[in-house]
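Engineer: Just so you know, we're using my numbering here: the sequence shown kicks off at 727 and counts up by one.
For glycine and all other residues, C-beta sits at the position ideal for the given N, C-alpha and C.
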Amino acid sequence: MDRDKLKCLRCGAAMKSVGRETIQLGQTGWLLGDLPNLLAGGLDVDVRLCPSCGKLEFFCGAEEPPALPQKTCPKCGKQHDFDYPKCPHCGYNCYV
Numbered sequence: 727m728d729r730d731k732l733k734c735l736r737c738g739a740a741m742k743s744v745g746r747e748t749i750q751l752g753q754t755g756w757l758l759g760d761l762p763n764l765l766a767g768g769l770d771v772d773v774r775l776c777p778s779c780g781k782l783e784f785f786c787g788a789e790e791p792p793a794l795p796q797k798t799c800p801k802c803g804k805q806h807d808f809d810y811p812k813c814p815h816c817g818y819n820c821y822v
């Protein structure tokens with residue numbers, strides 16, 4: 727995909743690069759506060775803007791998306807993405 731020739735899906739105008747940003751992953755928890763958010767890391771994105779209608783689009787900054795940090799569920803022992811509030815395998819709430 728050639729990002730320099732992207733057209734807006736809404737109005738068809740040429741999208742312009744706004745730059746690269748890092749989006750914080752994770753969430754703020756009630757018990758641990760911002761610690762899970764800080765440990766989750768960030769995702770580099772390429773931000774594009776349509777000058778005609780104002781639509782923003784985000785694309786992964788790397789050619790291949792990086793894997794999210796993993797954690798082990800204390801109940802079932804399986805690995806899942808660090809920013810999931812519940813284990814997708816057994817449903818255990820990891821932030822209780």
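#1: Alpha carbon to alpha carbon, how far is GLY738 from PRO777? Give it in angstroms, no decimals.
#2: Name the two residues that bound the continuous beta strand (DSSP E) containing LEU775.
#3: According to DSSP, is LEU782 helix, strand or coil?
#4: Helix, strand or coil: how does DSSP classify LYS731 here?
#5: Between the Cα of LYS731 and those of LEU775, GLY780, LEU761 and VAL771, spot the shortest distance and give me the residue it belongs to.
#6: Is the beta carbon of VAL771 closer than 8 Å to that of ARG736?
Structural biologist: Walking through what the data contain:
#1: So the alpha carbons of these two residues sit roughly 11 Å apart.
#2: Run containing LEU775: 768–775, per the beta strand (DSSP E) assignment.
#3: LEU782 falls in the strand class under three-state DSSP.
#4: Here LYS731 sits in helix by DSSP.
#5: Out of LEU775, GLY780, LEU761 and VAL771, LEU775 has the C-alpha closest to the C-alpha of LYS731.
#6: No, the pair does not count as a contact, with Cβ atoms beyond the cut-off.
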